[in-house]
Amino acid sequence: MTTTDSTAAGRLSEETILAYRRDGVVRIQNIITAAEAARFREAAAAAGGNATDNSRGSAIFNQYVNVWRQDDVLRELALHPRLAAAATALAGVPLRIWHDQLLIKPPHNGAATEFHQDAPFWPHAGSRHALSAWVALIDVPVERGCMTFIPGSQHHKDLLGQGLADRDGLFRAAPDLRWEERLTIPLRAGDCTFHNSYLAHSATPNLTDDPRFAHVTIFIDAETTYTGDSHVVSDGLGLTVGEPLDHELFPTV
Ligand SMILES: O=C(O)CCC(=O)C(=O)O
10 MTTTDSTAAG RLSEETILAY RRDGVVRIQN IITAAEAARF REAAAAAGGN
60 ATDNSRGSAI FNQYVNVWRQ DDVLRELALH PRLAAAATAL AGVPLRIWHD
110 QLLIKPPHNG AATEFHQDAP FWPHAGSRHA LSAWVALIDV PVERGCMTFI
160 PGSQHHKDLL GQGLADRDGL FRAAPDLRWE ERLTIPLRAG DCTFHNSYLA
210 HSATPNLTDD PRFAHVTIFI DAETTYTGDS HVVSDGLGLT VGEPLDHELF
260 PTV
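Going by our numbering, 146 is the number at position 137 of the sequence shown; the sequence numbering is gapless.
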């Protein structure tokens with residue numbers, strides 16, 4: 010069921026766009042080159058040592074939010090024109106960046122990222138579409154913390170947020186999803202998946218001797234408005250409730 014495209018031709022095929030809209034996820038091979046992935050991985054390893062871990066104390070991963078604001082090299086990745094072009098083609102609406110994040114699963118971390126949706130955590134209203142570009146900066150086979158998705162689950166738009174450490178949270182909220190097929194997508198360095206912000210997804214623990222480096226850029230409908238609910242990237246910015254997120258932290262692409 011995996012639809013895979015390669016950006017070698019510079020554009021996504023119609024088949025890929027339709028598959029994304031059906032399944033809520035698609036794999037794009039070589040969204041960046043292996044050489045770019047190696048350069049970004051080096052920057053990610055350094056940033057991981059310098060930035061503040063937003064998920065301190067959690068075994069699931071180390072999470073560094075808005076690294077594009079702190080590191081010039083990772084900024085190139087978050088703002089990469091190929092990511093923005095593919096995201097815009099898949100979403101079908103003008104987009105802005107909500108935030109990026111570096112997600113490092115340490116070697117032998119012993120914890121999966123449990124099934125959850127992303128959108129319920131965000132202080133957003135009126136969104137027509139939002140999606141994440143999850144880019145592998147190292148080869149990510151199943152054993153190193155690769156992602157698993159439940160295709161079609163993006164139609165569940167009324168669930169409360171599910172904890173990333175709660176193995177059963179999503180399935181208590183939506184029992185039918187327990188019986189749906191799952192799609193596990195290993196990635197080579199430089200490949201990515203795009204997933205809909207309502208698509209249920211998880212990631213395996215890292216059983217290997219190397220850290221799993223993934224960089225995620227989250228794109229949201231440029232017209233999304235702010236609800237005022239608390240979130241680490243928007244608290245204290247003085248945003249106006251009911252207005253679009255017009256702020257330098259959330260550039261349009
Ligand atoms: O990389 C992971 O472990 C989980 C990533 C995730 O949940 C996301 O990108 O939305």
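Glycine included, every Cβ here is placed at the ideal spot set by N, Cα and C.
Cα atoms of Val34 and Ala100: separation of roughly 11 Å, rounded to the nearest angstrom. A direct Cα-to-Cα measurement between Ser206 and Asp230 gives close to 11 Å. Distance from the CA of Arg30 to the CA of Leu92, rounded to the nearest whole angstrom, comes to 17 Å.
For Phe124, the enclosing beta strand (DSSP E) begins and ends at 122–125. With contact defined as three or more Cβ pairs closer than 8 Å, the stretch 154–168 and the stretch 250–259 are not in contact. When the five nearest sequence neighbours on each side are left out, the beta carbons in the same chain lying within less than 7 Å of the beta carbon of Ala52 are those of Asp80, Val82, Leu83, in order along the chain. Per DSSP, the unbroken alpha helix (DSSP H) holding Ala55 starts and ends at 43–59.
Rounded to whole angstroms, the Cβ separation of Ala134 and Thr234 is 5 Å, and the two are in contact under 8 Å. A check of alpha carbon separations from Pro184 across Gly57, Ala145, Asn39, Ala209 identifies Ala209 as the nearest. For Thr25 and Ala98, the gap between their C-alpha atoms comes out near 10 Å. Looking at the DSSP output, Arg153 shares a beta bridge with Asn215. Judged by DSSP in its simplified three-state form, Ser141 adopts strand. Per DSSP, Phe222 is one residue of the beta strand (DSSP E) stretching across 221–230.
Taking 7 Å as the cut-off, the beta carbon of Pro214 is found closer than this to the beta carbon of Ala120. For Val74, the uninterrupted beta strand (DSSP E) segment begins and ends at 71–74. Here the alpha carbons of Ala174 and Gly66 stand approximately 12 Å from one another.
In this structure, Gly170 places its C-beta atom within 7 Å of the C-beta atom of Pro129. Taking 6 Å as the cut-off, the C-beta of Trp107 does not count as close to any heavy atom of ligand 1. For Arg91, the enclosing alpha helix (DSSP H) stretches over residues 90–100. As the crow flies, the alpha-carbon of Val102 is around 7 Å from that of His138. When the beta-carbon positions are compared, Thr122 and Ile69 come within less than 7 Å of each other. Within 6 Å of the C-beta of Trp143 there is at least one heavy atom belonging to ligand 1.
Rounded to the nearest whole angstrom, the CA to CA distance from Phe228 to Arg153 is 25 Å. In the three-state reduction of the DSSP assignment, Ile113 falls in the strand class.
Around the C-beta of His125, 16 or more other C-beta atoms lie within 10 Å, and the residue is accordingly described as buried.
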